[in-house]
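These notes concern the structure reproduced below.
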Amino acid sequence: MHSRPLKPTHRGPRASRLTLAAITIAAFTLTGVGLSAPATAATQTTDGTSVVTDAFSRTVASGWGSAASGLDYASNRAADFSVKDGVGSVALVPGAFGTQTLPGVSTRDARIRANVTLDALPAAGNGATFSLTLRSNGGTSYQARARFTKSASLNLSLSRYDGSTSKETYIGDTVVALRDVRAGEPITVEFVAAGADASVQLLARAWKSAATAPPWQIDRADTDAKRITAAGAAGITTYLSAESAATRLSVDDLGVWKDPVLSGGGSTPAPAPTTPAPAPAPAPAPAPAPAPAPAAGLQNAPAITAGSVAVGSANYSVPSGAIYATAKNSTSGAGTAASPYGSAQKAIDAAKSGSTIVLRGGTYRESIYIPKGKNLTIQAYPRESVWFDGSKPVTGWTKSGSTWVVGKWTYDFDKRVSFNKNLDESSRFIDPAYPLAGYPDQVWINGSSLKQVGSAAAVKAGTFFVDKAGDRLIVGSDPSGKTVEASVLTKAIQVHGEGSTLRGFGVKRYATTLNMMGAVSAEVPKITLENLVITQNATVGLYAWAAGHNFRQLTLSDNGMMGAGANVATGMKLTNSLITGNNTERFKRAPVSGGVKITKSNDVVISGNVFANNLTSGLWFDDSAYNVTITRNVVRNNGEHGIEFEASNKGVIADNRISGNGNTGLVIYDAGDLEVWNNTFQGNTRTISFLQDQRRQVNASLTSKIPWVMRSVNVRNNVFSYGGGGCPVLSQDMTNTWSGNDFGITLDSNVYHRASSTSPSNFICWANGSAGTKSFKTIETFRSGTGHDKKSKLWEGAAVVDSSLNLVSSRLAAPGATSAALPAAVASATGVAAGVKSFGALTNAPR
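Going by the numbering used here, the first residue of the sequence shown is number 1, and it counts up by one from there.
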């Protein structure tokens, strides 16, 4: 296996596993350590005094020459840059980082803006990144990054270099600025940095150049002690993922202004960290921010931000009598604030049940075990960055031809893929096109991942090989003067202490095999996980079994096979979490991969989460799950299905936004007793599938309760905005026995939309017994042929939902359909009053 990019990617063989390079920031990553706060009101700006204006009305064969204002550009790769036909051009090379700096500019408070066009959107890899840079000086700078993704979105983020490109602090969250970017379409990116004393205000936004500029999409205050207060140069940087195909990027109308005027709300700075002596007084929990007013047509509900706080920004109170630990990898210390234990495991071993263990900031390169009988709370020290890291620095490299080698590399991980450690079932899980997916090895250079190859002869720049016969680690990129890290530990955290709580830190880079059941495993009842980032692990990030777990505000990202899994986890709750970029190793969709898969579990609640950009499915229930609640989630841009409910029974699927998924938005397969209400579907290849095959329940005690038979599925008040699939709604009996009406499905009071009467050409494809399926071209023929959707409406032409997947005002005013009153069971699951009548998602989406 190998290191991988932060986002899931459709990439070539052995694509890299995770990129934390300074020049690649993944969407939805919440792992930064910078202290920042969101804006309290909209910030208004005016340009200020012009310093640079460049329309690129010149011709330069190598580099960008001089701007019209007379200032010269300086580049690290001049041969990749040129100016012709009124644009500054960049030849984007896979794995290459390019810069164009204006060293003659020295500004503190500044605005920079440019139009950028990408010739071809990435079809694989982590995409192309264009960054605007301010206050660049001696290895420090602020960056606003716009990343073009393979899902045609543009992700926007902020970061700060703290002395070099290998020391990067992420400031705030990544946002999706645009969702429908096209190749060759000009995009304007704008960035402001202002202030220095108490905080530095950072503003960023991106929009289609032909449109009007939106409000600032990111508005943060950097209050960290390392904030950059000095003036510096302005410029741009580019990067192309090593797994993305070479392309060209064009820049036009680049401008820099000094002393822009800011007015309006501005960012509220986060409180500065305090120096304890020796333990801080318990900090009161911050008052919750008031919920924003709901969009028109939506019901009031508390605001939700999905995912963990950034590692290093959690601020949990420290109780008296707490046990302290620090990352020295030793057994020293007394467990006090003045003399903390030298490892987390030493603190666990010394703690009595009921204790709180406080981890001081640092990197804990260890595996920990909470034993039976110890109910412990383990948390990060307030506003200190704590990581459990399964990798270690690797030094002592020797050049050998075109490669670099380190000897005595004796780490030999189990590459067999199975939930049973005594079996090798790799063929069930591994796509032959990606034969090394099961190898847990991972390597990074300066935070940038290398991809694993199968032989020493195949090693080239950006790759590595583990020579087990010769006990060597071989890399193809020069490690001189750089930090090289490789995974050496297999398990991060195993919890056997019932009722324990883990919160406020990160877990990354463990070489976990599937049979270890997650880098983190909750194996006994009533485990609470909160504000954890679990990322870059070789197979599964988190696995759980036993009853009563409460998992909230987690970020599960970029794990090799799956973000999380659970089995026989009755009463589990997964709420307000971000599950993104998982299955980076391209394991087969089945039997398991993607965001989250849950089996044999009753009474599970999945609410307020974002499932995005997982390579295969987002959320999957299977194998006799029962009484499931799936509400208020955003499920978007997953490579296969958005939500699957398979071989299970009973549940509420309501108030979800399901969009842009590569196969089907919602799959209901051998399952029944479902209430599917008030969801908004948009742009999925197929909107919804109702499937039945020959399988039946194999557990005799469950044949009545969970028969694996499609029955009693009520579909009401949904908005179905079709994508490009030929059968946007499908009912299908794999045995060609049933007709669609035999499934027990009822569809009514829904709003449908398609681009035209022929796009897609079918309205619905309906099971038709031995004849297979029957296609209905219009809602009228479907209504008359089946009796369904008598109170529904099909719209054609103009969109019926906006970019937030809310009904547009014209359809709110005149939906054309008659909505049904929300039943009590759905009302209870969604927190909305019974009897409400509306179409599509009921409440504001998680952010």
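A virtual CB, placed ideally from N, CA and C, is assigned to each residue, including glycine. All of these numbers come straight from a predicted model, not from anything done at the bench.
Tell me the residue span of the beta strand (DSSP E) that contains residue i.
i	result
I653	N649 to A654
R160	L154 to D162
Y669	T664 to Y669
W409	Run containing W409: none; DSSP gives neither H nor E here.
R220	I218 to D222
Y381	Per DSSP, Y381 belongs to no beta strand (DSSP E) and is neither H nor E.
V417	Run containing V417: none; DSSP gives neither H nor E here.
S775	T773 to F776
K399	T398 to S400
V52	T49 to D54
L178	V175 to L178
What are the boundary residues of the alpha helix (DSSP H) that includes residue i?
i	result
E780	I779 to T786
V826	A824 to T830
A813	S809 to A813
R428	S426 to F429
Considering only residues of the same chain and omitting the five flanking positions on each side of residue i, which have a CB-CB separation below 7 Å?
i	result
S739	A767, N768 and G769
A272	Here A272 scores only 34 on pLDDT, less than 50, and its place in the model should not be relied on; the value that follows carries that caveat. Same-chain partners within the cutoff: T223.
G63	Y73, S75, A78 and F81
A61	S82
P290	The pLDDT assigned to P290 is 48, lower than 50, so where the model puts this residue is not dependable, and the model offers no usable value.
E498	N375, V524, P525 and K526
G138	none
D424	R416 and S418
S749	R716, N717, K791, S792, A817, T818, S819 and A820
Just grab the DSSP bridge partners of residue i for me.
i	result
T584	Paired residue(s): none; T584 is not in a bridge.
D72	S66
L574	F551 and I606
W387	T363 and G506
A194	Q201
K837	None; K837 has no bridge partner.
F763	In DSSP, F763 forms no bridge with anything.
L208	Reading the sequence as shown, one finds Lys at residue 208 and not Leu. Answer is I187.
T631	S607 and A654
A564	L542 and V596
L249	V90 and L118
I643	L619 and L666
F681	I658 and F720
S860	A query on residue 860 cannot be resolved here, the shown segment of the chain reaching from 1 to 847 and no further.
A612	T580 and R636
Which same chain residues, not among the five before or five after residue i, have their C-beta less than 6 Å away from its C-beta?
i	result
K573	N550 and V605
R145	I25, T129, S131 and S157
P286	Any answer about P286 is weak, because its pLDDT of 42 lies below 50 and its placement is not dependable; what the coordinates show is given next. Answer for P286: no residue qualifies.
L842	Q299, D655, N678, T830 and V832
Y369	Q494
S106	A231
T735	Q694
K837	S819 and A821
L20	Reliability fails at L20, whose pLDDT of 28 lies under 50, so the model's placement of it is uncertain and no value is given.
Among the residues of its own chain, which have a CB less than 8 Å from the CB of residue i, if the five just before and after it don't count?
i	result
R695	A647, D670 and W708
G835	A821, L822 and A827
If residue i sits next to residue j, beta carbons under 8 Å apart, how far is it from one beta carbon to the other, in whole angstroms?
i	j	result
Q442	A538	7 Å
I357	P846	Incorrect: roughly 31 Å between the Cβ atoms, too far for contact.
S313	K328	Contact doesn't hold; Cβ gap of about 24 Å is too wide.
T490	M516	6 Å
N609	I579	6 Å
S577	L542	10 Å between Cβ atoms; not a contact.
S487	P440	7 Å
T395	W404	About 11 Å separates the two Cβ atoms, so there is no contact after all.
Is any heavy atom in the ligand MN found nearer than 8 Å to the beta carbon of residue i?
i	result
N446	As far as ligands go, the structure on display features none, and thus does not contain the ligand MN.
Tell me, please, whether the CB atom of residue i is closer than 9 Å to any CB atom in chain D?
i	result
K346	In the structure shown, chain D cannot be found, because there is only a single protein chain.
Inside the segment 496-558 only - beta strand (DSSP E) runs reaching at least 3 residues = Those beta strand (DSSP E) runs which fall completely within the segment 496-558 and span 3+ residues are 501-503, 506-508, 520-522, 528-535, 540-544 and 550-557.
inquiry  = Give the list of continuous alpha helix (DSSP H) stretches no shorter than 4 residues that lie fully inside the segment 290-371.
reply    = Counting only runs of 4 or more residues that sit fully inside the segment 290-371, the alpha helix (DSSP H) segments are 344-350, in chain order.
query = Hey, which unbroken runs of the beta strand (DSSP E) at 3 residues or more fall wholly within the segment 78-120?
reply = The segment 78-120 contains these whole beta strand (DSSP E) runs: 81-84, 87-92, 97-107 and 110-118.
task = May I have a chain-ordered list of the beta strand (DSSP E) segments no shorter than 3 residues that lie completely inside the segment 120-148?
result = Qualifying beta strand (DSSP E) stretches, in chain order: 128-137 and 140-148.
query = What alpha helix (DSSP H) runs, 4 residues minimum, are completely inside the segment 435-500?
reply = Counting whole runs of 4 or more residues, the segment 435-500 contains no alpha helix (DSSP H) stretch at all.
Start-end ranges of the beta strand (DSSP E) lying completely within the segment 687-749, minimum 3 residues = Whole beta strand (DSSP E) segments, 3+ residues: 711-716, 719-721, 729-733 and 745-748.
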